[in-house]
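One structure below.
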Amino acid sequence: MFTDPSTFILLALIAAGSATPHLHQRSGVQIPITKRTPHSHATKGLPHVFDLESAERQRARIATKYLKRAYYGTVSIGTPPQQTTVDFDTASADLIIPLTECANCTGPLFDNKASSTFQLSDDDFDQEFADGSAVSGKVATDTVTMAGLTIQNQGFAAATKESGRYNKLGVFAGIMGLAFPPLANTRKNPFFVNLVEEKALASNLFSFFLARNGAEGSELCLGCINSSKYTGDLQWFPVDIQGTFGIAYYWNIATAGLTYNGTPLAGGEYSLLVDTGTTLIFVPSDNAEALYNQIPGSSAASELGQGYFKFPCNSTLSSVAFRFGTTDFAIHPSDFNVGAHPSDPTSCIGAVLAVPNGSNAVAGDAFLKNWYSVYDYDGLWIY
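Going by mature numbering (1 follows the signal peptide of the UniProt record, and there is no 0), the letters in the sequence shown line up with residues -19 to -1, 1 to 364, in that order.
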């Protein structure tokens, strides 16, 4: 289990021309991942360490329409192995695999009766997501393999019931959480953490490259950094644990908030959750309003739900970015614009949505597609 939650754990972002400590890059496992069509778990709620439930439910309500694609890959489970698919999610910590007996489940299902190594516990698993969907079942163990990396007796949620919008499209079956053990409802180590404890990786980190516009090449790199996927140098930022009682639950980093054309905006200075399982970007309302005030013709799109903003589609946008430390990390205009307003084709919807001040801010794929991201579990500063 996670024994030293105060250990420095870093997020690396690639920015052309930025300064960096020297990093020794060793071999690892490169796993191709695939975009999926819009799905409700891009707006899932998080298991709350503090009172975030109302904010997360609002986040679900306002982000169900303008979703682009997110990313999934393949794992094998059982003996003999059966192949299934999972959504790779840096904002949760459970491995969720639906069984063939699962009511309302879609996607490749796991026949636990055909596995000689499957063990079912008496512990219940129940997860309700912010959009009202839910998944339930029992905690179980079995052999799990991904890209040749195997963990025996891997704990997971064996789902026997799904409800609401959970995976209605059926393009992937489950979820592989990549956050920290204290977040896991199963009280089992995430698959990645077990790889770390088994010393199975060249380096105790993982990294993502998320392609945009349907391009191939999206990748999860376990134990490695694929330098062919980026240009420039690495900048490292420590995981922010100030708001979680000194314990790492999420891949959070402190930010000065959004900037516009290099100018810091009001309402900044908050902790930002980096989430590969979310499509859009959610920031405190003061910061969001300050941003859209810089774009002429922008206004709240309350007719679509609380938190949306619209702006003229013919706008020439200056650089919209998050500031980490003293460096701005920009969002490409094509990622900032998530599509035309359904009743006004001259207005477009912004990828930055507002949540109440003090709520959980989240950077999803609209941000991550712009930057190669590295998640270092050990938190080693290598110069």
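Where is the CB? At the ideal position from N, CA and C, for every residue including glycine.
Being a predicted model, the structure only gives us computed values, none of them experimental.
Does the distance from the CB of residue i to the CB of residue j come in under 7 Å?
i: Gly204; j: Leu182; result: yes
i: Ser300; j: Asn242; result: yes
i: Pro162; j: Asn170; result: yes
i: Phe263; j: Val343; result: yes
i: Ile156; j: Asp221; result: no
i: Thr98; j: Ala138; result: no
i: Ala74; j: Ala165; result: yes
i: Ala128; j: Ile276; result: no
Would you tell me roughly how many angstroms separate the C-alpha atoms of residue i and residue j, rounded to the nearest one?
i: Ser354; j: Ser188; result: 6 Å
i: Ile58; j: Asp103; result: 20 Å
i: Lys291; j: His322; result: 8 Å
i: Leu246; j: Ala95; result: 57 Å
i: Gly248; j: Asn338; result: 8 Å
i: Asp267; j: Thr225; result: 22 Å
i: Tyr251; j: Ala271; result: 15 Å
i: Ser114; j: Gln63; result: 26 Å
i: Pro219; j: Asp309; result: 16 Å
i: Lys46; j: Tyr211; result: For Lys46, the predicted model reports a pLDDT of 41, less than 50, meaning its position is unreliable; a value from the coordinates is still stated below. Distance between the alpha carbons of Lys46 and Tyr211 is about 31 Å.
i: Lys16; j: Tyr356; result: 20 Å
i: Gln135; j: Pro61; result: 15 Å
i: Ala121; j: Thr307; result: 45 Å
i: Ile234; j: Ser280; result: 29 Å
i: Tyr231; j: Ser324; result: 38 Å
i: Ala302; j: Lys180; result: 37 Å
i: Gly238; j: Gln223; result: 16 Å
i: Gly345; j: Leu285; result: 20 Å
i: Val336; j: His313; result: 22 Å
i: Phe287; j: Asn295; result: Here residue 287 is Gln; the residue named in the question, Phe, does not match the sequence. Distance between the alpha carbons of Gln287 and Asn295 is about 24 Å.
i: Phe110; j: Gly213; result: 38 Å
Let me check understanding here. Comparing Cα to Cα, which of the options lies closest to residue i?
i: Ala160; options: Thr240, Leu254, Thr15 and Phe110; result: Leu254
i: Lys119; options: Val125, Thr131 and Glu82; result: Glu82
i: residue 365; options: Ser280, Phe317 and Ala281; result: Residue 365 is absent from the structure shown; the chain starts at -19 and stops at 364.
i: Asp359; options: Ala165, Trp217 and Lys16; result: Trp217
i: Ser328; options: Gly278, Asp346 and Gly9; result: Gly278
i: Thr131; options: Glu197, Ser199, Ser114 and Val56; result: Val56
i: Gly9; options: Phe173, Asn194, Phe303 and Ser117; result: Phe173
i: Asp209; options: Gly224, Phe190 and Asn194; result: Before going further, note that residue 209 is Ser rather than Asp in the sequence given. With distances taken between Cα atoms, Ser209 lies closest to Phe190.
i: Ala347; options: Gly224, Asn268 and Asp256; result: Asp256
i: Glu178; options: Gln133, Gly213 and Ala311; result: Gln133
i: Leu80; options: Ser117, Pro61, Gly54 and Phe110; result: Ser117
i: Asn274; options: Gly258, Thr244 and Leu285; result: Thr244
i: Ala311; options: Trp352, Tyr289, Ser324 and Asp214; result: Trp352
i: Pro293; options: Pro326, Gly345 and Ala72; result: Pro326
i: Leu90; options: Val67, Gly213 and Lys180; result: Val67
i: Ala72; options: Ser324, Gly258 and Leu334; result: Gly258
i: Lys350; options: Thr126, Asn194 and Tyr289; result: Asn194
i: Leu76; options: Val125, Tyr231 and Gly88; result: Val125
Taking buried to mean at least 16 other C-beta atoms within 10 Å of its own C-beta, is residue i buried or exposed?
i: Ser315; result: exposed
i: Glu143; result: buried
i: Thr24; result: Its pLDDT being 34, under 50, Thr24 is placed unreliably in this model, and the value from its coordinates should be taken loosely. Answer is buried; the Cβ neighbour count reaches 16.
i: Thr260; result: buried
i: Ser340; result: buried
i: Asp105; result: exposed
i: Asn185; result: buried
i: Ala332; result: buried
i: Ala154; result: buried
i: Glu200; result: buried
i: Asn93; result: buried
i: Gly88; result: buried
i: Gly54; result: buried
i: Ala84; result: exposed
Rounded to the nearest angstrom, how far is the Cβ of residue i from that of residue j, given a contact under 8 Å?
i: Cys86; j: Ala140; result: 7 Å
i: Gln100; j: Asp123; result: 7 Å
i: Thr240; j: Phe305; result: No, Thr240 and Phe305 are not in contact; Cβ-Cβ is about 11 Å, not under 8 Å.
i: Tyr52; j: Ile14; result: 5 Å
i: Ile330; j: Ala282; result: 6 Å
i: Leu215; j: Tyr289; result: Not confirmed; about 35 Å, so no contact.
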